[in-house]
Every structure is written in structure tokens, then in C-alpha cells.
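Visitor: Got a structure here, written out as C-alpha cells. Questions coming.
Numbering (my numbering), first residue to last: 32 to 485.
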């Protein structure tokens, strides 16, 4: 568990589990409107077997990563039926299972692994429809597509070309039953979304990032909106190339470019993959945000497209250059493991920060204390649910009652949030109250008690 999103998913899973038992639910927060609900719903359902909420939500990620690997191998079997099983197995492990961002998705309480598994399952069944036009495959693919979108809204862009190709092929076969079954199954599978978002603004187009989508963002590297001020090293158009060259994925791909052939993409199924990849990357490139974990589905499709090049290297390499091939694979494996350690280190550090700070302030705060904070509050709600947390981003506060506390890290937060609610509230608070330092915490965070001298 790390970061605001992870703990918001945990909170939602607890709320959903309570709703399933008929217990009253608290008023919906901003997270219910912004986040897709499929991942916390899966964790809530697992709670009937695994009572611990944190373990349940992490198990969803672990199981999803395994399922994503299986679906990935099934796609390879479908797209390259003549490839050797050993080639598929090594490629699946080296290129996907040991890709650092895939490992992170499978180990953390986030929706990435589940979204990827459902998307890869949809492609496996959907491409079978493109090949054969069978009704059962179309129905099952439509269900997985709907579940994928209700897990991560952005996957709609990835799956849209696949859905269009399926409908086109079914129409060519004059399979009206297949079209009807696909549409009805997809609609029914999407119904839980309306239960999850009952009474909540749930239109994905209203998401705070989508509201700022623009083609011009492809050529920008700095963004300023309600999510703060952020500066990236590269413009978005170069960020979209990271699945090909970033160590968070697999450094083997640039080499496979040299072995790729035009004939690798002549099949209709490969053109569907390219269209899906282009549509998804266009969505990501127009967002005022860069997050490498969003690129994981694009990376998985790239792997499917590059597998024929890998299979040639695997076959000819072990036949003509066995020692060199083993050396290349060993080097890639070493780089993958090193990159996994580097990429997981900040995640583990954040988790230790959240857990450690919760234990520290628990010894200082009285029961039912009110604490104004930002950034850490979502995580601290998971560990200290009896504290009254006041988020300094959601709104401007007019007054700050005596005896309340504030947990803040001004040097960390001011550069990104200058002129926005967190810093405006912090500055107002300093003008209204005298702050008495109660505890210095790891990571530069400080806990203050508010005491008005008047």
C-alpha cells in the first residue's frame, strides 16, 4: 500500500464491503467520482474469503498479475501458432513477468494489474472473433472489455478499435446473433458501474485530467492545473516512446526493432493491435500528466507485435550463436533485476513513511483529534480511522479551531501547490494560529498544535 490512490482504493473496498452487508455507507468522497470502481469491487468480493481488507486488495493484484501472464501467453499462441513453446515462455518471463513496472503493478494495491489482465483477456477472445467470428468468443470478450473499462477508464481507448473490428467481422459473417450477444453482454457487464457510482458523478469524461486533454499537450513538458504545477524532463510525445526504451519496461525491445519485418504486421489481427496502441497512446499523450504505469497496457501490446522478431532471434540465435545469445539474455535479466530494485525502492520507502508516521503521531494525538493535512491524509485514514482528517486540497477553510492539529511538509509541497488550496490554507492557518511543534516526523513532515494567543 503506498500513495493516495492505493489507500483510496482500500477505503472504497471497505465501503463497498459494508454496503454488501447492508451497513450504512459514509458520504461519497472525490475518489468515488474520479476512480473506476472495478478494482475495489473485486477486493470487496474477495473479503468474503479473506477478512483482512489490506490483504484482500493486495491479493487481487497478485492474482491479476498471474492471470495477465496467462492471457499474454494465450495471445502469443493465437498470433504466432508456429512458435515454439520455449520461445513463448522465455519471452513471457523476460519481457513481461520481469518488466519492472509489471512487477510493481503485481505487488502493490493499485488497479493496473487487474486492468491489464482484463484487457489482455479481451484481446485474446476478441482477436479470435476477428479470425473466426464465433458468437461465444464475442460475448466473453464483450464482458471482459466492459469489466476492463470499469477497472480503468482509460482502457476504453485501448479497446475501442478491438470492439469495432469485432463488430465489423461479425457483420461480414452476417452473425447477427453474435452482434446482439456482444452488445447485450457488454451492457450487462457494465451495470455494476452504476451500482458503484450510485448518487455520484460517474461520467469518465468529467475526470479532472480528461477535462484538460489537448493535442497541444503532446508537445509540452510542464503543466499547471488544479492538480498542481509539474515539470517533466521530456514532452509528452517523447514520453510515449518510453515502453520502447525505458528501463522500467524491457531494454530488449530496441534490439528487436532491428529484427522486425513488414510481414510481421500484415495480418488483420496485428493491424487491430496497432490501431489500439495508437488510440491509447493518443489519449495518454493529450493528458496533462506523465505516469509510466499508465503505459503498461501499451507495452504489453508492443510485446505482442514484436514477438515474431524475438522468435527469430531465439531460433537463429540458439542455432548459430548460442553463447552470444545466452550472454544477451543474461545481461537483459541482470538489467531487469537491477531496474526492479530501483523502481520498487521509492514504493517501499513511501510505504515505510506512511506506516512510520502513523505510528509516530498515534502516540501524540488525543482520541478523536482533528488534523488538517494534505498528501499523507489518505494513507493515514487507513491506519488511524478514528482521527478526524481534514484535507487541505478539497476546499479553502475560513477558520481553524483551537486545539486542532496540522500535519504538513511545506518545503515538499509548496513548489507544486503554490497558489492552490493546500498552500493557501497553510498560509491562512499561519496567519490565524500560533503553531506549536509537537513532533518532527520522517521525510520532513511536522505535526503542529494550533494555539490562538488571543
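Heads up, the beta-carbon is just placed ideally off N, CA and C, and yes, glycines get one too.
None of the values given here were measured: they were computed from a predicted structure.
Where residue 455 and residue 254 are concerned, what is the direct C-alpha to C-alpha distance, given to the nearest angstrom?
Guide: 19 angstroms
Visitor: According to DSSP, is residue 32 helix, strand or coil?
Guide: Assignment of residue 32 by DSSP, reduced to helix, strand and coil, places it in the coil class.
Visitor: Determine the closest residue to residue 226 out of 412, 69, 387, 129, with distance taken between C-alpha atoms.
Guide: 69
Visitor: In chain order, what residues of the same chain have a beta carbon less than 8 angstroms from the beta carbon of residue 320, not counting five sequence neighbours either side?
Guide: The beta carbon of residue 320 lies closer than 8 angstroms to those of 240, 254, 258, 261 in the same chain, with the five residues before and after it left out.
Visitor: For residue 199, which of 183, 43, 165, 383 has the nearest alpha-carbon?
Guide: 165
Visitor: Do the stretch 89-100 and the stretch 137-149 touch if we need at least three Cβ pairs shorter than 8 angstroms?
Guide: Counting C-beta pairs with one atom in each stretch, the stretch 89-100 and the stretch 137-149 have three or more that are closer than 8 angstroms, which means they touch.
Visitor: Which parts of the stretch 185-272 are runs of the beta strand (DSSP E), unbroken and 3 residues or longer, counting only runs that do not cross its ends?
Guide: 253-256, 259-262
Visitor: When DSSP builds the beta bridges, which residues end up paired with residue 460?
Guide: Beta-bridge pairing links residue 460 to no other residue.
Visitor: Compare the Cα-Cα distances from residue 438 to each of 460, 132, 417 and report the closest residue.
Guide: 460
Visitor: In whole angstroms, give me the CA-to-CA distance for residue 50 and residue 268.
Guide: 43 angstroms
Visitor: Find out if the Cβ-Cβ distance for the pair residue 156, residue 168 is shorter than 8 angstroms.
Guide: yes
Visitor: Quick check: the stretch 350-365 against the stretch 383-395, are at least 3 beta-carbon pairs closer than 8 angstroms?
Guide: no
Visitor: What does a CB cutoff of less than 7 angstroms around residue 327 pick up in its chain, not counting 5 residues either side in sequence?
Guide: 132, 133, 136, 143, 147
Visitor: Residue 153 and residue 217: beta carbons closer than 8 angstroms?
Guide: Going by C-beta atoms, residue 153 is not nearer than 8 angstroms to residue 217.
Visitor: For residue 353 and residue 366, I'd like the C-alpha separation in whole angstroms.
Guide: The straight-line gap from Cα to Cα measures roughly 20 angstroms.
Visitor: Between the Cα of residue 99 and those of 128, 42, 85, 270, spot the shortest distance and give me the residue it belongs to.
Guide: Residue 99 has its Cα closest to that of 128, out of 128, 42, 85, 270.
Visitor: For residue 313 and residue 179, I'd like the C-alpha separation in whole angstroms.
Guide: 19 angstroms
Visitor: Specify the secondary structure class of residue 471 as computed by DSSP and reduced to three states.
Guide: strand
Visitor: Going by DSSP, what residues sit across from residue 419 in a beta bridge?
Guide: 401
Visitor: Taking the C-alpha atoms as reference points, what is the distance between residue 422 and residue 297?
Guide: Looking at the two C-alpha atoms, the distance is approximately 53 angstroms.
Visitor: Taking all protein chains shown into account, do 16 or more other C-beta atoms lie within 10 angstroms of the C-beta of residue 205, making it buried, or fewer, making it exposed?
Guide: exposed
Visitor: Helix, strand or coil: how does DSSP classify residue 145 here?
Guide: helix
Visitor: Could you tell me the boundaries of the beta strand (DSSP E) in which residue 293 lies?
Guide: Premise fails: residue 293 is in no beta strand (DSSP E) and is neither H nor E.
Visitor: Return the first residue and the last residue of the alpha helix (DSSP H) that residue 178 is part of.
Guide: 166-180
Visitor: For residue 436, which three-state DSSP category applies?
Guide: strand
Visitor: Using the three-state DSSP reduction, which class does residue 327 fall into: helix, strand or coil?
Guide: Note: residue 327 maps to helix in three-state DSSP.
Visitor: Going straight from the alpha carbon of residue 427 to that of residue 130, what length do you get?
Guide: Computed Cα separation, rounded: 42 angstroms.
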